[in-house]
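To keep things clear, I will list the structure first and then write my remarks on it.
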Amino acid sequence: MSSQNDKLLIDVGSTYFKVCVTSDAPERRQLEQHFRNFNQTILDDLMHKCGHTISAFAHDDVFICSSANGGLSTLIIGLTHTFSLKYATNIAFNSGINIIDTILYQDLDSATVPSDLIDVVIIAGGINSKGDAFADDLYEYLHNVNYSNIVYVGNELDAANAKAQLPELVILPNIIDDRLHIVEEDLKAYLTNLYQQDIMGKEDIKDLYQISSNQIFSTPYIVNQTLPLIDASYSVVNPFILLDIGGATTDIHYSKDLVEENIVTNNEFDRLVFKKLGVYKSRESLIFDAKNNEFVYELLMHLGVTENIFEEQSDKATRILMQLAIFLVLCKMSHYREAYINLKLTAVKSIVLTGGVTKVLKQDEVDDIIGFFFTKILTSKHRPVTIMDSDYSIWTLGSRIQDVNLREQ
Numbered sequence: 248m249s250s251q252n253d254k255l256l257i258d259v260g261s262t263y264f265k266v267c268v269t270s271d272a273p274e275r276r277q278l279e280q281h282f283r284n285f286n287q288t289i290l291d292d293l294m295h296k297c298g299h300t301i302s303a304f305a306h307d308d309v310f311i312c313s314s315a316n317g318g319l320s321t322l323i324i325g326l327t328h329t330f331s332l333k334y335a336t337n338i339a340f341n342s343g344i345n346i347i348d349t350i351l352y353q354d355l356d357s358a359t360v361p362s363d364l365i366d367v368v369i370i371a372g373g374i375n376s377k378g379d380a381f382a383d384d385l386y387e388y389l390h391n392v393n394y395s396n397i398v399y400v401g402n403e404l405d406a407a408n409a410k411a412q413l414p415e416l417v418i419l420p421n422i423i424d425d426r427l428h429i430v431e432e433d434l435k436a437y438l439t440n441l442y443q444q445d446i447m448g449k450e451d452i453k454d455l456y457q458i459s460s461n462q463i464f465s466t467p468y469i470v471n472q473t474l475p476l477i478d479a480s481y482s483v484v485n486p487f488i489l490l491d492i493g494g495a496t497t498d499i500h501y502s503k504d505l506v507e508e509n510i511v512t513n514n515e516f517d518r519l520v521f522k523k524l525g526v527y528k529s530r531e532s533l534i535f536d537a538k539n540n541e542f543v544y545e546l547l548m549h550l551g552v553t554e555n556i557f558e559e560q561s562d563k564a565t566r567i568l569m570q571l572a573i574f575l576v577l578c579k580m581s582h583y584r585e586a587y588i589n590l591k592l593t594a595v596k597s598i599v600l601t602g603g604v605t606k607v608l609k610q611d612e613v614d615d616i617i618g619f620f621f622t623k624i625l626t627s628k629h630r631p632v633t634i635m636d637s638d639y640s641i642w643t644l645g646s647r648i649q650d651v652n653l654r655e656q
């Protein structure tokens with residue numbers, strides 16, 4: 248049986264799950280990682296592989312998080328690029344949401360209707376003192392969109408008409424105040440709760456309440472709990488970025504000091520989720536992204552392989568794809584690509600890697616890719632220090648922080 252101070256932490260990913268026993272006694276600490284068996288439910292798979300460990304813990308001492316749902320797909324319609332689209336995009340990304348498209352309202356007539364189900368549509372635009380921003384063309388377009396949730400965070404004067412046209416619409420306070428500053432908390436809470444509900448709604452995830460009486464959180468949320476403490480707990484120098492690269496997605500957590508176009512918010516750290524940059528579940532989209540990057544073939548030559556590596560199913564191919572994921576995500580955060588946000592990457596002092604990437608790549612393989620990126624893309628001799636969180640200490644610490652927070656409530 249476990250001792251009084253022991254806790255069991257479980258993280259369910261899209262490809263792997265890991266189980267960690269934390270204890271005040273170092274000799275009792277242990278970490279297991281297992282490739283998921285997709286022919287079994289998550290609970291059955293967990294109990295088959297770790298049942299002896301799990302059964303030693305009371306339900307109150309088991310803490311679970313998951314990223315197995317991969318995030319929510321989002322369509323944003325906004326009145327302006329400068330404020331409504333930019334603000335709504337910022338809030339959505341930092342709530343763990345995957346944005347599949349943003350549409351400027353004036354371009355709605357030429358916009359295509361998404362073919363897939365959209366988890367949430369966000370409508371934003373205007374300040375509260377001015378109305379009549381949206382007309383019937385907005386509602387005609389939305390009647391052709393297949394979505395599960397829709398939220399309005401635009402000007403107050405158009406809210407009643409929007410609700411009349413779309414009865415299922417959730418109305419929240421405007422994300423733009425009269426001084427054109429961002430108001431993020433209401434929409435962020437709404438999106439975070441949707442993300443949480445999506446995790447909780449998965450039948451496999453709900454089964455896990457048979458072994459835990461604590462709320463199941465999203466993994467990016469748990470990791471985010473740790474960020475303000477990283478520099479005190481690890482050999483990390485600020486400002487830093489954290490890359491969490493796994494089987495389905497790549498998450499980036501970054502210090503707000505690195506943002507070139509700073510939006511004033513209350514958060515010290517933000518995060519982005521790239522749903523299609525994973526090595527197992529998102530393998531094909533990662534390869535597609537790589538083939539459309541003009542520097543990747545030069546990078547493959549640098550790594551001593553050809554594009555035939557994309558057709559291989561081998562440990563070597565997995566390592567190359569992990570290296571490509573690091574390179575591509577850095578490209579997306581740099582001036583090389585017109586993306587949502589550019590970071591001042593030459594100011595980065597540390598790059599922390601966590602997740603499945605630390606089980607696949609060695610330190611020198613990571614340093615090689617980062618060196619290639621800084622030389623080729625940024626034409627810079629700057630080299631951040633890289634830290635490999637190979638024993639998932641960041642996730643472990645975040646889970647323990649959440650345990651303390653829950654007990655203090």
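Residue numbers for the sequence shown, in our numbering: 248 to 656. Ideal Cβ placement from N, Cα and C applies to all residues, glycine included.
Problem set entry | Nearest residue (CA-CA) to residue 612, options 264, 592, 634 | 634
Exercise. Run through DSSP, which three-state label would residue 544 get?
Worked result: helix
Exercise. Out of 551, 365, 532, 370, which has the shortest C-alpha to C-alpha gap to residue 331?
Worked result: 370
For this session: Spell out the partners DSSP gives residue 345 in its beta bridges.
Result: 320
Exercise. Taking the Cβ atom as the reference point for each residue, do residue 401 and residue 372 lie within a distance shorter than 7 Å?
Worked result: yes
For this session: Would you please state the rounded distance, in angstroms, between the beta carbons of residue 486 and residue 596? I believe it to be under 8 Å.
Result: 6 Å
For this session: Can you say whether residue 414 is buried or exposed, counting buried as having 16 or more other CB atoms within 10 angstroms of its CB?
Result: exposed
For this session: Identify which residue in 363, 325, 340 has its Cα closest to the Cα of residue 382.
Result: 325
For this session: Look up residue 569 in the DSSP assignment and say whether it is helix, strand or coil.
Result: helix
For this session: Could you check how far apart the C-beta atoms of residue 492 and residue 602 are, in whole angstroms? I think they sit under 8 Å.
Result: 5 Å
Problem set entry | Contact under 7 Å by Cβ, residue 257 with residue 311 | yes
Problem set entry | C-alpha gap between residue 419 and residue 375, whole angstroms | 12 Å
For this session: Check each candidate in 563, 580, 629 and name the one with the smallest Cα separation from residue 608.
Result: 563
For this session: Over the uninterrupted beta strand (DSSP E) stretch that includes residue 371, give me the two end residues.
Result: 365-371
Problem set entry | Candidates 555, 639, 548, of which the one nearest residue 615 by Cα | 548
Problem set entry | Classification of residue 561 by the beta-carbon crowding that lies within 10 angstroms, buried from 16 upward | exposed
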